[in-house]
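Only one structure is covered here, and it is reproduced in the block below.
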Amino acid sequence: MESLINKTENFVKKFLVNAESVHNWWHAKRVRDNALYIAKRESQTCDIEIVELASLLHDIADSKFHNGDEYKGVKIAKDFLSKNNLQKNKIDHILEIISKISFHNSLDSDFQLNQEGKIVQDADRLDAIGAIGIARTFNYGGFKSREIYDPEIKPIINISKDQYTKSTAPTINHFYEKLLLIKDLMNTKTGMKLAEERHSFMLKFLKQFYAEW
């Protein structure tokens, strides 16, 4: 019999089949792998099944796939898990994680994630920084037809959720409005250690970028 994890993998692959490459299946897989790596080093008590399922499903709930609707994707994930007979308390736990972990949802909220949620959030944030993060950032900027850099357009410090979601700023601004902030937002010691290396790489990239510019 096919396991729930395998069913979820297949479900996510189909759901994200037309997603731009920043938020496709490979992103979901990297987040799942990062989350399992962190979980094994951080906690002997967290629910690994919840960590893995929430990691795989986290972008199903992303409002960018649903014309800005914050709830449609959560319902899709809920329907999938319910049809596969996962216990209600676990479903509720997963839905809470995937509806809260995104960076933009943390901008205007002081909501505290549970243990599993902190691990999944760290895993997702790791994929936004370092070499992979740089590649994803410029890929998404191109997808949105944004300028690479404009020295006259300054980053918004302490950007709000509304400003962030409506931003059309050059891609380099995204480093200062999100990516360089992530290191200090990590929840776990393992996540922080991994983030420090990736953060350092981004600083080197920016130094080289400005020198060439």
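Residues 22 to 234 in the working numbering are what the sequence shown spells out, letter by letter.
C-beta: ideal position from N, C-alpha, C; glycine also.
Burial state of residue i (16 or more Cβ within 10 Å)
{"i": "N39", "result": "exposed"}
{"i": "D80", "result": "buried"}
{"i": "A232", "result": "exposed"}
{"i": "F32", "result": "buried"}
{"i": "E168", "result": "exposed"}
{"i": "Q142", "result": "buried"}
{"i": "S120", "result": "buried"}
{"i": "A144", "result": "buried"}
{"i": "D183", "result": "exposed"}
{"i": "D148", "result": "buried"}
{"i": "A152", "result": "exposed"}
{"i": "N179", "result": "exposed"}
Proximity of residue i and residue j at Cβ, strictly below 8 angstroms
{"i": "Y161", "j": "E41", "result": "yes"}
{"i": "V72", "j": "A56", "result": "yes"}
{"i": "I115", "j": "T211", "result": "no"}
{"i": "E63", "j": "T192", "result": "no"}
{"i": "S76", "j": "R53", "result": "yes"}
When the options are compared against residue i, the one with the closest alpha-carbon
{"i": "A216", "options": "T29, F226, R146", "result": "R146"}
{"i": "E117", "options": "L74, S221, K165, I150", "result": "L74"}
{"i": "A98", "options": "Q229, T211, E30", "result": "E30"}
{"i": "N106", "options": "I26, R157, L37", "result": "I26"}
{"i": "N45", "options": "C67, K228, R157", "result": "R157"}
{"i": "Q65", "options": "I140, S103, L102", "result": "I140"}
{"i": "D205", "options": "K175, F159, K228, I150", "result": "I150"}
{"i": "I122", "options": "L78, A190, D68, N194", "result": "L78"}
Touch test, the segment 90-105 against the segment 49-62, Cβ-Cβ under 8 angstroms, three pairs minimum | no
Between the segment 132-141 and the segment 97-110, do three or more beta carbon pairs fall short of 8 angstroms?
-> No, because fewer than three Cβ pairs between the segment 132-141 and the segment 97-110 fall closer than 8 angstroms, the two stretches do not touch.
Do the segment 171-178 and the segment 220-231 meet, that is, are 3 or more Cβ pairs less than 8 angstroms apart?
-> These segments do not touch.
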